[in-house]
Amino acid sequence: MSKIPRYLQIVHSIREKITNGEWSIGTKLPTQREMSEQFQVNRSTVITAIEILKAEGLLEGKTGSGVYIVNNKWSLLTANSPLDWSDWSKWAVHPPSDHTVQIINESETKKDIIQLSKGELGSDLFPHFEIAKTLEKVSSQLHEFGYGDGLGDINLRKEISKHLQKQGIRASPSNILIVSGALQALKLISLGILKRGSTVFIESPSYLYSIKLFRAAGMALRPIQVNKNGLDLKELAQQKIINNLSALYVNPTYHNPTSTIMPLQQRELLIETCQYFQLPIIEDDIFRDLWIDEPAPPPLKTLDKQGQVLYVGSFSKTIAAGLRIGWLVGPENVIKRLSDLRMQIDYGSSYLSQVLVKEFLSSGLYESHLNKVRSALKKKRDFLLALLDLHLCDYATWPKPTGGFFIWVTFNNNINMKKIFKQSLNNGLLINPGFIYNDNKPTMRLSFAFPTYDEMEKGILILKGIIKNNVDNFTE
Ligand SMILES: Cc1ncc(COP(=O)(O)O)c(C=O)c1O
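So in the numbering used here, the last one in the sequence shown is 476, and the numbering has no gaps at all.
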């Protein structure tokens with residue numbers, strides 16, 4: 001055991017991180033609670049260490065926001081004003097995530113927080129056994145460790161082509177680009193196909209990173225309301241749609257965050273409308289395989305006779321997000337263009353992940369795993385719906401999702417969702433408030449895919465207490 005007092009050990013450790021540049025000027029220090037857990041000391045010891053570093057001029061507290069690094073050893077020694085990386089990154093091409101999204105991302109890795117937020121399969125639905133079995137099988141098939149084909153592994157593209165055929169999409173391997181998740185497909189489209197200054201029509205609310213991504217690529221966003229049948233087509237038809245300078249991003253099947261599904265008739269009408277306006281469609285169909293009650297209507301892509309739809313899918317929601325494997329289907333010239341861009345950005349997806357997914361599909365394990373997931377999701381969805389009926393029916397309403405992971409809850413009172421989010425987190429519960437999806441109503445997204453039954457029950461009880469309190473205060 002070191003004889004140096006614990007508070008001095010903390011001082012040394014922080015000083016070292018500042019001096020060697022690990023924590024640059026502008027970095028926010030972890031909270032006192034996090035530091036006391038990390039150093040296994042009580043909070044007063046952490047506070048003593050912070051006070052010493054403040055007196056040295058290295059740290060400064062900002063009211064209500066936390067403690068920040070304001071100087072380093074070098075800046076204290078020279079007259080020049082120090083380099084502040086955080087200031088630089090404010091002007092970078094890609095903006096940072098919203099503050100709440102950053103908090104959600106950080107909190108999603110914490111084991112002691114109930115995650116009613118997370119859009120992933122929980123450990124109970126993850127195919128542990130099937131992945132292990134597939135890995136064993138592919139271990140003897142691994143022989144190409146180079147950068148590989150810019151379009152992605154040909155055998156995987158053939159399997160995805162077969163998979164899509166079952167859904168009515170005719171796409172040969174040359175029409176398919178393997179990507180590191182659907183998000184990358186959207187990024188590639190925004191950088192390599194859409195023109196700067198063009199308008200992207202998106203659903204309101206919409207998948208949160210779609211909002212950032214198109215904006216960062218210099219596009220104006222025009223939100224179109226989502227109603228019970230998905231995107232409001234009347235509203236879309238009233239828009240000023242400029243040829244060659246507009247596109248539509250849509251997630252018509254188990255829409256994130258509302259879980260809405262667009263019926264077939266609406267899909268046909270949407271395709272007709274977009275053909276009339278020559279409006280390209282980016283169809284994000286990442287939740288399609290996760291139907292619960294009955295298979296979803298066909299993808300927009302199957303109704304597209306003019307190559308107007310770029311179709312995006314992924315195995316993040318059905319197998320595992322960590323594999324980072326998705327696909328993009330489009331006309332050959334688009335796929336070639338984006339594969340070239342892809343090579344410039346990262347040379348392609350992980351070879352190991354590609355081979356693993358290829359084997360998962362061709363062995364039939366994907367289909368059998370999906371069957372298990374669907375029946376488990378049905379039970380978990382019904383459980384969460386029953387909890388909501390029991391505990392929150394006086395305060396909110398929600399439609400029953402027929403697939404996907406989420407229940408979209410709208411509160412009857414205009415309660416402050418920032419407050420609800422904060423209070424939930426302080427009580428060990430993470431939810432996704434609607435405002436992160438650019439929804440200005442009092443809404444939230446709850447996931448039944450990730451949490452266990454026990455966590456769902458505990459989480460809803462925590463929420464009930466918080467909501468009751470806030471609504472009582474609201475109506476008083
Ligand atoms: C609608 C939608 N599109 C794309 C993505 C990104 O998926 P991936 O992990 O395949 O990049 C998500 C992830 O939550 C999503 O909900």
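Glycine is no exception: its CB is placed at the ideal position from the N, C-alpha and C atoms.
Across the structure, Gly146 and Asp346 are spaced so that their CA atoms are roughly 13 Å apart.
Apart from the 5 residues on each side of it in sequence, Glu120 sits with its Cβ closer than 6 Å to the Cβ of Ala321, Phe450 in its chain, given in chain order. Excluding residues up to 5 positions away in sequence, Ile178, Gln354, Val357, Lys358 lie with their Cβ nearer than 7 Å to the Cβ of Leu156 in the same chain.
In the DSSP annotation of this structure, the continuous segment of the beta strand (DSSP E) that includes Gly313 starts and ends at 309–314. Closest in alpha carbon position to Ile202, among Asp439, Asn473, Glu130, is Asp439. Per DSSP, the unbroken beta strand (DSSP E) holding Ile224 starts and ends at 220–227.
With a cut-off of 8 Å on Cβ pairs, the region 277–297 is in contact with the region 256–266, counting three or more such pairs.
Judged by their CB atoms, Glu332 and Ser174 are nearer to each other than the 8 Å cut-off. Every residue whose beta carbon comes nearer than 6 Å to a heavy atom of ligand 1 appears here in chain order: Gly119, Gly181, Ala182, Leu183, Tyr207, Asn251, Asn256, Asp284, Ile286, Ser314, Ser316, Ala321, Gly326.
Rounded to whole angstroms, the Cβ separation of Thr19 and Asn71 is 11 Å, and the two are not in contact under 8 Å. Across the structure, Thr134 and Ser161 are spaced so that their CA atoms are roughly 20 Å apart. Distances from the alpha-carbon of His12 to those of Leu53, Asn470, Ile281 put Leu53 closest.
Under the DSSP assignment, Ser204 falls in the beta strand (DSSP E) whose first and last residues are 199–204.
Judged by DSSP secondary structure, Val250 falls within the beta strand (DSSP E) whose first and last residues are 246–250.
Contact between the region 231–245 and the region 115–132 is not established, with fewer than three Cβ pairs separated by less than 8 Å. Membership of Ser447 in the beta strand (DSSP E) is indicated by the continuous run 443–447. The closest CA to that of Glu455, considering only Asp124, Lys418, Ser368, Gly404, is found on Asp124. When the five nearest sequence neighbours on each side are left out, the beta carbons in the same chain lying within less than 6 Å of the beta carbon of Tyr7 are those of Thr45, Thr48, Ala49, in order along the chain. Pairwise C-beta distances place the region 225–234 in contact with the region 242–262, as three or more of them are shorter than 8 Å.
Inter-residue distance for Ala185 and Ile10 is about 44 Å (C-alpha atoms, whole angstroms).
In the structure shown, the three-state DSSP call for Pro173 is helix.
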